[in-house]
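Last residue of the sequence shown? That's 436 in my numbering, and every number before it is there in order.
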Amino acid sequence: AAPAATAPAARAGVHPSAVVHESASLGEGVEVGPLCVVGEGAVVGARCRLMAGCVISAGGVTLGEDCVVHPHAVIGDESVPGLTVLGDGNIVGASAVVGARCQDLKYVPGSDCHLRIGDHNDIREFASIHRSSKPEWTTTIGSHNLLMGGSHVAHDCILGDSNVVANGTLLAGHVVVGDCVHFGGATAVHQFCNVGDYAFVAGGAMVERDVPAFLMVQGDRARTRGLNQVGLRRAGFGEAQLRALRHAYMVIFVNDGASEATLAERMQALEGEEGFDADGPVATLIASIRGAERGICKFHQWGVPGASKPAE
C-alpha cells in the first residue's frame with residue numbers, strides 16, 4: 125500500500141508526483157501540480173491552483189478560494205507554531221515566501237506567531253512576508269495590495285488596502301501602512317514608522333520618521349516634498365478637496381519667516397477656520413501628524429536646498 129502521506133495523490137486534480145498529507149483538506153476543483161507538497165492539516169480552498177514545486181506547509185496554513193501559488197513558492201513554516209491565513213483570490217509569485225519565522229532576535233522559539241492576509245493580493249516573485257514576533261501580535265495585510273518582486277514585509281507590520289509596494293522595498297518590523305500608499309522601488313522604512321493614507325514614497329527613499337497622509341517624501345533621509353496631487357486625482361479626490369489640502373499644506377509646512385507660530389499652533393489655526401470639515405481630508409492630515417510618535421519627515425522644497433517657500 126502507498127504511504128499515508130502520498131495516498132491523496134489519487135484525488136482528482138492532484139499530480140501523481142505531488143505529496144499531499146492525508147489530513148490536508150483540498151476544496152472542490154483544486155489543482156495540485158507536480159512535486160508540490162501540501163502538509164499536515166493544511167486547508168486549501170476551492171479552485172486553488174498550486175503550481176509545480178510549491179509548498180503549503182504543515183500546521184496552521186489556510187488558503188481561501190481561487191488562490192494561485194506559482195512554482196517554488198512557500199506558504200507557512202512548519203517549524204513555527206501559529207497561523208498563516210490567506211483569503212480568497214490571492215496570487216503568490218514564484219519563489220515567494222509567505223508566513224516564515226520572523227527575523228527578530230527577541231523571538232522566543234516555540235511561541236505562536238501569526239500572519240493574516242486579506243483577499244485579491246498580488247504577491248510577486250521572491251517577495252517575503254514574515255509572521256509576528258509574539259503570540260499576541262499578528263502581521264496583517266489587507267486586500268487588493270500589490271507587493272512586487274523582492275519586496276519584504278517584516279514581523280508585526282500592518283498594511284491596509286490597495287497599496288503598491290515596488291520591487292526591493294523593505295518594510296521593517298512594526299511598520300504601519302494605511303490605504304492607497306505607493307512605494308517606489310528600493311525604498312526602506314525604519315521600524316515602528318507609520319505611512320499615512322495616499323502617501324507617495326519615492327524610489328530609493330530611506331524613511332526614518334512617519335509619513336503623514338497625502339504627502340510625498342523623497343531622499344536619504346526622506347523629506348517631505350509636497351502633496352501627492354497626482355495620486356489623489358487618480359484616486360478620485362475632487363478639486364474642492366485638493367484646494368483644501370493645498371491650503372492646509374501651505375499653512376502647516378511653508379513658513380516664510382513672517383510667522384513664529386509652532387507646528388501645533390498652525391494646525392490649531394486650521395481647525396479654527398470657517399468651514400473646517402472635521403471629517404474631511406485636512407482633518408485626516410492633521411491627525412496623522414499629531415499621531416506621529418517618531419516625528420514626521422521634514423519639509424524640503426523640490427530642487428531648492430534649504431528653501432522654505434515653494435515655487436508657484
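Ideal Cβ placement from N, Cα and C applies to all residues, glycine included. In this text, all values refer to a predicted model and were calculated from it rather than measured experimentally.
Linking L174 to G284 through their CA atoms gives a straight-line distance of about 26 Å. The beta-carbon distance between G223 and F250, rounded to whole angstroms, is 15 Å. This is too long to meet the 8 Å contact definition.
For R358, the uninterrupted alpha helix (DSSP H) run begins and ends at 353-358, by DSSP. For I413, the enclosing alpha helix (DSSP H) begins and ends at 405-414.
In the DSSP assignment, Q392 falls outside any beta strand (DSSP E) and lies within the alpha helix (DSSP H) extending over 387-395. Taking 8 Å as the cut-off, the Cβ atoms of V305 and V331 do not count as close. Your pair A296 and A278 checks out as a contact, with CB atoms roughly 5 Å apart and the cut at 8 Å. Per DSSP, I253 is one residue of the beta strand (DSSP E) stretching across 252-254. Looking at the backbone, the Cα of R347 and that of A359 are separated by about 23 Å.
Rounded to the nearest angstrom, the Cβ distance from I199 to V179 is 7 Å, consistent with a contact under 8 Å. Judged by DSSP in its simplified three-state form, R333 adopts coil rather than helix or strand.
Under the DSSP assignment, H244 falls outside any alpha helix (DSSP H); it carries neither an H nor an E label.
Boundaries of the beta strand (DSSP E) around A224: 221-224. Annotation for Q365: the continuous alpha helix (DSSP H) segment containing it runs 363-377.
Note that the C-beta distance between V209 and H194 is not below 8 Å. Boundaries of the beta strand (DSSP E) harbouring I265: 262-265, taken from the DSSP string. In the structure shown, the three-state DSSP call for N318 is strand. L339: member of the beta strand (DSSP E) spanning 339-342, first to last residue. The straight-line gap separating the alpha-carbon atoms of Y373 and Q365 is approximately 12 Å. Per the DSSP secondary-structure output, G350 pairs in a beta bridge with M340. Rounded to whole angstroms, the separation of the alpha carbons of G399 and H254 is 45 Å. Sixteen is the threshold: since fewer than 16 other Cβ atoms of the shown chains lie within 10 Å of the Cβ of Q392, the residue is exposed.
The residue among G206, V319, D190 with its C-alpha nearest the C-alpha of T262 is G206. Assigned with DSSP and collapsed to three states, E155 falls in strand. DSSP lists H276, A312 as the beta-bridge partner residues of L294. Straight-line spacing of the CA atoms in P259 and C281 works out to 14 Å. Bridge partners of S149 according to DSSP: V167. The beta-bridge partner set that DSSP reports for H238 consists of T262. Short of 6 Å from the beta carbon of S252, and not among the five residues preceding or following it, lie these beta carbons of its own chain, in chain order: V221, H276.
Scanning its chain for C-beta atoms nearer than 6 Å, with the 5 sequence neighbours on each side dropped, one finds around A148 the residues V162, A166, in chain order. Take G355, set aside five residues on each side of it, and the residues of its chain with a beta-carbon closer than 7 Å to its own are H306, Y322, F324, in chain order. The alpha-carbon of A416 is positioned some 24 Å away from that of A290. It is roughly 12 Å from the alpha-carbon of G177 to the alpha-carbon of V144.
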